[in-house]
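Working notes for the structure below.
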Amino acid sequence: MASLIETHDLTLHFGGLKAVDGVDFSLMAGEIHALIGPNGAGKTTFVSLLSGRRMAQSGTIHLGTEDITHLPAHIRVRKGIAYTFQITSIFPRLTVFDNVALAVQAQGAKDLHGRTQAALARVGLVGLEEQEAQTLAYGHQRLLELAMGLALNPRVLILDEPTQGLAASEIEGFKRLVESLVPETTVLLIEHNMEVVMDLATRITVLNFGQVLATGTPEEIRANPLVQEAYLGA
Amino acid sequence: MKVWALHLVLIAVLFAAQFLLSPYHTTNLARIMVLAVFAMGYNLAFGYTGLLSLGHALLLGAGMYAAGLSAQLWGFSAGPALIVGTVAGGVMAAAVGLLALRTAGVSFMIVTLMFAQAGYLTILYFAPTTGGDEGFTLAAASRTFAGFDLSTDTPRFFAALALFALGLLVSLALVRSPFGRTMVAMRENEERSRMLGYNPFAVKLAALTISGLYAGAAGAAYALLFGYVGASFTTIQYSILPMLYVLLGGAGTTIGPLLGAALMFALIEAASGLTTAYLFLVGLALVVLVLFAPKGILGTIRERWLKWLP
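First to last, the sequence lines map onto chains Y and U. Quick note: to get my numbering, add 308 to the position in the first sequence (first position is 1). Quick note: to get my numbering, add 7 to the position in the second sequence (first position is 1).
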């Protein structure tokens with residue numbers, strides 16, 4: 309497999325806090341890659357650097373062969389890196405349809421209605437098109453967030469704690485949905501729920517204090533004594 | 008369908024009003040329609056895109072002076088002068104936007120206010136050309152369009168109506184287009200929009216420029232239809248008024264600006280008959296609105312009853 313996103317020595321410090329500290333990381337095309345680590349390990353900051361929400365102080369990011377280190381976020385989105393927010397970020401006063409249509413039309417206006425419906429169908433929100441997004445149940449809002457990400461037809465979908473606040477039954481549905489995305493879409497998943505991580509991920513990277521502690525298959529990570537000490541063993 | 012029908016009926020009603028109203032009220036309605044064009048432009052920036060500008064008087068003034076001076080100095084007739092004024096409003100908005108849109112929120116308000124004040128002072132500074140505080144009146148020759156004398160009641164009314172109708176239908180088409188949805192996205196959640204691949208700066212600049220085209224057209228039309236160009240139109244008062252019209256009628260509704268302009272016009276007229284401190288009543292209206300009906304008349308109607316209202 310070829311690597312789709314590759315970072316080299318990626319760094320972002322906030323004053324004395326080394327949020328991301330020299331991270332070498334590669335995301336292989338078609339995998340579900342989980343990013344785990346204790347609170348404050350730098351997971352969200354790291355994916356913010358990938359998506360362009362924050363700019364790196366040093367190091368490089370490549371998408372395929374292209375250096376995207378200095379590209380603004382909206383250009384990276386157009387190049388195929390979609391980010392779904394940790395804290396649900398939708399357009400609360402717009403309808404469900406308009407929320408997804410905004411993502412769809414960013415890719416071109418052709419067959420807006422059909423493509424929007426397709427994205428809604430994929431997450432199971434058909435029938436709620438005309439509802440104001442803020443009136444949706446929380447689980448549905450998470451699905452709407454996901455539908456917006458999918459509607460971008462991304463090459464890489466970054467999911468930042470997607471199962472947070474979901475009920476167990478909803479998590480099952482979510483797992484099946486993510487599995488159905490690969491290998492067309494590559495998934496980078498930040499997740500605290502270890503069951504979800506171990507079920508879904510083909511590879512796992514563990515961050516600790518802004519640095520990569522380990523990378524490997526779920527079995528390798530489970531067996532890694534450093535990881536157990538820093539995180540799993542707790 | 009229903010939506011377009013509603014707007015066409017509104018235009019038809021305004022058309023009919025000309026035959027029912029006295030000349031005095033016809034002239035006032037023409038004035039209201041021109042001010043409503045200004046307010047519709049303000050609404051596209053503020054009501055739909057969420058750009059709270061306090062400097063739209065500058066854009067109105069740009070249109071008014073560009074049209075007035077090109078008529079005065081180079082003998083432009085009404086058609087070309089209107090085009091020059093419209094373009095001037097758009098260009099001014101784009102220029103201000105390039106700088107002001109680096110800020111947001113309160114800073115954006117202050118920066119736009121500052122630009123407008125600088126514009127006002129510039130007009131006073133170049134008094135030999137602009138007429139300074141007193142302004143200037145337009146010669147009758149430049150107030151003709153296709154053989155019609157715009158200083159007479161009927162042609163003036165129809166010119167105002169034509170401009171208003173065009174502005175209204177363009178604004179309706181715009182807000183129902185994908186770009187209209189993008190403008191609203193900026194207002195509702197800019198960061199999310201960015202992460203959907205939109206460049207917020209470019210979208211806001213485009214919206215502000217369109218808003219400037221409206222303001223420029225309104226300023227030019229005001230000069231050509233009522234024959235006077237003056238610095239008073241570039242004062243802070245004319246930055247606040249479109250905001251009041253929009254807030255009263257309903258921000259983010261297509262017809263709200265006309266409704267707000269008409270009601271506020273009537274209020275100011277009634278109040279100035281009673282007291283010279285009529286601006287006090289305007290201020291009071293703003294406070295009451297913000298406290299009790301933040302969505303304005305049509306915004307409230309849409310929320311409660313007519314969900315389909317654009």
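Using N, Cα and C, we set each Cβ at its ideal position, and we do this for glycine too.
Output the distance between the C-alpha atoms of residue i and residue j, rounded to the nearest integer angstrom.
i        : j        : result
ALA213/U : PRO185/U : 14 Å
ALA258/U : LEU175/U : 14 Å
VAL412/Y : LEU460/Y : 6 Å
LEU173/U : GLU469/Y : 49 Å
GLY234/U : GLY57/U  : 34 Å
ILE304/U : GLY54/U  : 13 Å
MET116/U : LEU106/U : 12 Å
ALA337/Y : LEU51/U  : 43 Å
MET99/U  : ILE398/Y : 34 Å
GLY96/U  : ILE90/U  : 10 Å
GLY187/U : ALA224/U : 21 Å
MET271/U : LEU293/U : 10 Å
ARG287/Y : MET190/U : As shown, chain Y starts at 309 and ends at 542. That puts residue 287/Y outside it, with no answer to give.
VAL7/U   : LEU220/U : Look at the range of chain U in this structure, 8 to 317, and you will see that residue 7/U is not part of it.
HIS321/Y : ILE395/Y : 23 Å
LEU157/U : LEU265/U : 22 Å
SER239/U : GLY138/U : 12 Å
GLY154/U : ALA123/U : 36 Å
LYS326/Y : GLY518/Y : 6 Å
ALA342/Y : VAL434/Y : 29 Å
TYR2/U   : LYS418/Y : A query on residue 2/U cannot be resolved here, the shown segment of chain U reaching from 8 to 317 and no further.
THR159/U : SER29/U  : 14 Å
GLY479/Y : THR110/U : Reading off the sequence, residue 479/Y comes out as Ile, not Gly. Computed Cα separation, rounded: 41 Å.
PHE405/Y : ARG423/Y : 11 Å
Identify the residues that DSSP records as bridge partners of residue i: which are they?
i        : result
ALA342/Y : LEU497/Y, ILE512/Y
ILE304/U : In the DSSP output, where bridge partners are listed per residue, ILE304/U has none listed.
HIS316/Y : THR368/Y
ALA314/U : It is Lys, not Ala, that sits at residue 314/U in the sequence shown. The partner list for LYS314/U (beta bridge, DSSP) is empty, contrary to what the question assumes.
ASP468/Y : ILE498/Y
SER311/Y : MET336/Y
HIS321/Y : LYS326/Y
GLU307/Y : It is not possible to answer for residue 307/Y, since the shown part of chain Y is limited to 309 through 542.
ALA522/Y : VAL514/Y
THR110/U : DSSP, once it has assigned bridges, lists no residue as partnering THR110/U.
VAL331/Y : LEU318/Y
THR33/U  : According to DSSP, THR33/U bridges with nothing at all.
THR144/U : TYR235/U
PHE26/U  : Paired residues: none, contrary to the question.
Closer than 7 Å by beta-carbon distance: list the chain U residues that pair up with residue i, in chain order.
i        : result
PHE399/Y : ALA192, GLU195, ASN196, ARG199
Identify the contact partners of residue i in chain Y, using a Cβ-Cβ distance below 7 Å as the criterion.
i        : result
ARG309/U : By Cβ distance, chain Y contributes nothing, its closest Cβ being about 12 Å from ARG309/U, past 7 Å.
ASN206/U : HIS382
MET8/U   : Here the premise fails: no neighbours, minimum Cβ distance about 16 Å.
LEU13/U  : What LEU13/U touches in chain Y: nothing, since even the nearest Cβ is about 20 Å away.
LEU108/U : Per Cβ cutoff of 7 Å: no residues; LEU108/U is ~15 Å from chain Y at best.
Counting only Cβ pairs nearer than 9 Å, list the residues of chain U close to residue i.
i        : result
LEU496/Y : Under the 9 Å cutoff, chain U gives no residues; its nearest Cβ is about 15 Å from LEU496/Y.
LEU485/Y : Those within 9 Å of LEU485/Y in chain U number zero; the least Cβ separation is about 20 Å.
Which chain Y residues are close to residue i, counting only those with a beta carbon under 9 Å from its beta carbon?
i        : result
THR189/U : LEU410, GLN413, ALA414
LEU212/U : Chain Y residues near LEU212/U: none, gap ~14 Å exceeds 9 Å.
LEU58/U  : By Cβ distance, chain Y contributes nothing, its closest Cβ being about 17 Å from LEU58/U, past 9 Å.
Can you list the residues of chain Y that residue i reaches, using a CB-CB cut of under 8 Å?
i        : result
LEU254/U : Correct list: empty, because the minimum Cβ distance to chain Y is about 17 Å.
MET369/U : In the structure as shown, chain U begins at 8 and stops at 317. Residue 369/U is therefore absent and cannot be evaluated.
Proximal residues, the segment 414 to 430 of chain Y versus chain U, C-beta separation under 8 Å: The segment 414 to 430 of chain Y vs chain U, Cβ under 8 Å: ALA414, GLN415, ALA417, LEU420.
Inside the segment 352 to 437 of chain Y only - beta strand (DSSP E) runs reaching at least 3 residues: 366 to 371, 389 to 392
Positions along the segment 452 to 468 of chain Y whose CB lies within less than 8 Å of some CB in chain U: MET456, LEU460
Residues in the segment 365 to 393 of chain Y having any Cβ partner in chain U nearer than 7 Å: ALA381, HIS382, VAL385, ARG386, TYR391
Contact set between the segment 347 to 361 of chain Y and chain U, restricted to residues whose Cβ is under 8 Å from the partner: Hits within the stretch, in order: SER359, ARG361.
Every unbroken alpha helix (DSSP H) inside the segment 196 to 271 of chain U [4 residues or more]: Note on the segment 196 to 271 of chain U: whole alpha helix (DSSP H) runs with a minimum of 4 residues are 197 to 201, 207 to 233, 244 to 256, in chain order.
Contact list for the segment 276 to 302 of chain U against chain Y, Cβ threshold 7 Å: none
Interfacial residues, the segment 494 to 522 of chain Y to chain U, with Cβ spacing under 8 Å: Of all residues in the segment 494 to 522 of chain Y, none has a C-beta nearer than 8 Å to a C-beta of chain U.
Whole alpha helix (DSSP H) elements within the segment 154 to 192 of chain U, 4-residue minimum: 160 to 182
Contacting positions in the segment 400 to 411 of chain Y - beta carbon closer than 8 Å to chain U: Listed by position, the residues of the segment 400 to 411 of chain Y near chain U (Cβ gap below 8 Å) are PRO400, ARG401, LEU402, ASP406, ALA409, LEU410, ALA411.
Within 8 Å of chain Y by C-beta, residues of the segment 25 to 51 of chain U in sequence order: none
Positions along the segment 168 to 187 of chain U whose CB lies within less than 8 Å of some CB in chain Y: PRO185
Contiguous alpha helix (DSSP H) assignments of at least 4 residues, all confined to the segment 40 to 101 of chain U: 63 to 81
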